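Some notes on the structure that comes next.
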């Protein structure tokens, strides 16, 4: 229980820190979102989920050791590190390449999907989201060093 409580406090603090830094960068408005808008929303969401986990950990009865808890926690931490790397590389590498690599690693590494279907699904989802954001919503996406 103590480990779950400490983990929830850590993730809540990290989410609040991300939201604060994104706020300092600038949120913009709903019509013209600023650079920090998406990171702010994700930081708030991360903190909210962590607070929910904190309340669940405080209400839960102490349980005997669960062998899967460490594995699940490691996978969640790995996905969070992967998302942090994605947001770090997003501006420099560009939307298309960074999103494709993110989805490929998520599908093949965490989704236990073979590499062939993972490549196809990553390419299709990247192209689809690019089309929605670029052409339907008219947003500017970072091109990175490829463009």
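Residue numbers (this note's numbering): 620 to 766. Each residue gets a CB set at the ideal place from its N, CA and C atoms; glycine is no exception. A quick note: this is a predicted structure, and the numbers were derived from the prediction, not measured.
Beta-carbon spacing of residue i, residue j below 8 Å
i: residue 745; j: residue 715; result: yes
i: residue 652; j: residue 710; result: no
i: residue 720; j: residue 763; result: no
i: residue 670; j: residue 631; result: yes
i: residue 663; j: residue 638; result: yes
Rounded straight-line distance, which links the Cα of residue j to that of residue i
i: residue 751; j: residue 758; result: 9 Å
i: residue 755; j: residue 625; result: 43 Å
i: residue 649; j: residue 656; result: 9 Å
i: residue 694; j: residue 678; result: 24 Å
i: residue 733; j: residue 726; result: 8 Å
Residue i: CB within 7 Å of a non-hydrogen atom of the ligand ADP
i: residue 715; result: No copy of the ligand ADP occurs in the structure displayed, which carries no ligand at all.
First through last residue of the alpha helix (DSSP H) which encompasses residue i
i: residue 662; result: 656-678
Distance between beta carbons of residue j and residue i, contact taken as under 8 Å
i: residue 629; j: residue 646; result: The Cβ separation is near 25 Å, so there is no contact.
i: residue 635; j: residue 666; result: 5 Å
Fill in: Length-filtered (4 minimum) alpha helix (DSSP H) runs lying within the stretch 683-740
686-712, 714-724
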